[in-house]
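Here is the structure we will look at, set down as structure tokens.
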Ligand SMILES: [Zn+2]
């Protein structure tokens, strides 16, 4: 984790040059060790054997959150990493306050480094709304969405995981993917498959006559985006989608 509480109960960010001290977990109050990480990412870790709902994360997840925080701060946004809500069992990866928006609107940015089921995403999105966030922005790491970054032509068909299809459908925004090494973010448009319907059947003849096209097969089209957040009307009334602005050509 990137955040622990100090002895005054205030959140502190893990850093190589952070003075030694006593740190506790914002979720369970358990003692935490600062891992300064000469090679890896500085982070806090529970003592061995601790059980906590706020789980340890991969290096790429931690790096992704740090990259987002750095970019958002450069844009003048107020950033709180790993904002923990104990009653809801929710840890918002990157909580962003945008001063220029209406009364300082808050956005929950959620980094996905591994598979997640759609019901969990829906539940988190609902919780975020109840906590006063105007929207939840889902970002996939380049580890999770590697295939989408590797695609270079619009005629290549890729099977898209459910959670990415859901984000695209609900927010009409495509999929956002962080490119850690390039410190960049991409907006992947999920184009329709270039498929001749007659080709789509399996050994049981399934779908051949009913014009079955698997909706999980799409043609990703990559657009450069930047870290500036912008809002657009979502699919449902009174709901806003918060997205990374697509870079103007
Ligand atoms: Zn804990």
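Residue numbers (my numbering): 10 to 258. Ideal Cβ placement from N, Cα and C applies to all residues, glycine included.
Asked                                                                                                                                                   : Found
Just list the residues that DSSP pairs residue 121 with in beta bridges.                                                                                : 149
Between the beta-carbon of residue 87 and the beta-carbon of residue 108, is there less than 8 Å?                                                       : yes
How would you call residue 83, buried or exposed, if buried means at least 16 neighbouring beta carbons within 10 angstroms?                            : exposed
Please classify residue 62 as buried or exposed, where buried requires at least 16 other C-beta atoms within 10 Å of its C-beta.                        : exposed
Less than 7 Å separating the Cβ of residue 14 from some heavy atom of ligand 1?                                                                         : no
For residue 39, is the beta carbon positioned less than 7 Å from some heavy atom of ligand 1?                                                           : yes
Can residue 59 be considered in contact with ligand 1, in the sense that its beta carbon sits closer than 7 Å to one or more heavy atoms?               : yes
Taking C-alpha atoms, which residue in 94, 151, 188 and 239 lies nearest to residue 139?                                                                : 94
Where residue 11 and residue 39 are concerned, what is the direct C-alpha to C-alpha distance, given to the nearest angstrom?                           : 15 Å
Decide if residue 124 is buried, meaning its Cβ has at least 16 other Cβ atoms within 10 Å, or exposed.                                                 : exposed
Taking 7 Å as the cut-off, is the C-beta of residue 36 nearer than that to any heavy atom in ligand 3?                                                  : No copy of ligand 3 occurs in the structure displayed; its ligands are ligand 1 alone.
Assuming the contact rule is C-beta atoms closer than 8 Å, residue 236 and residue 194 should be a hit. Round their C-beta distance to whole Å, please. : 6 Å
Just checking my contact of residue 34 with residue 65 at CB under 8 Å: how many whole Å lie between their CB atoms?                                    : Incorrect: roughly 11 Å between the Cβ atoms, too far for contact.
Out of curiosity, what's the CA-to-CA distance linking residue 153 and residue 18?                                                                      : 34 Å
Helix, strand or coil for residue 177 per DSSP?                                                                                                         : helix
Ends of the beta strand (DSSP E) at residue 233?                                                                                                        : 226–242
Just to confirm the assignment: which complete beta strand (DSSP E) runs, minimum length 3, are found wholly within the region 32–104?                  : 40–44, 52–55 and 87–94
With DSSP collapsed to three states, give me the class of residue 257.                                                                                  : coil
So, is residue 48 buried or exposed, given that buried needs 16 or more other C-beta atoms within 10 angstroms?                                         : exposed
Rounded to the nearest angstrom, what separates residue 131 and residue 169 at their Cα positions?                                                      : 18 Å
Going by other Cβ atoms of all chains shown within 10 Å of its Cβ, with 16 needed for buried, is residue 172 buried or exposed?                         : buried
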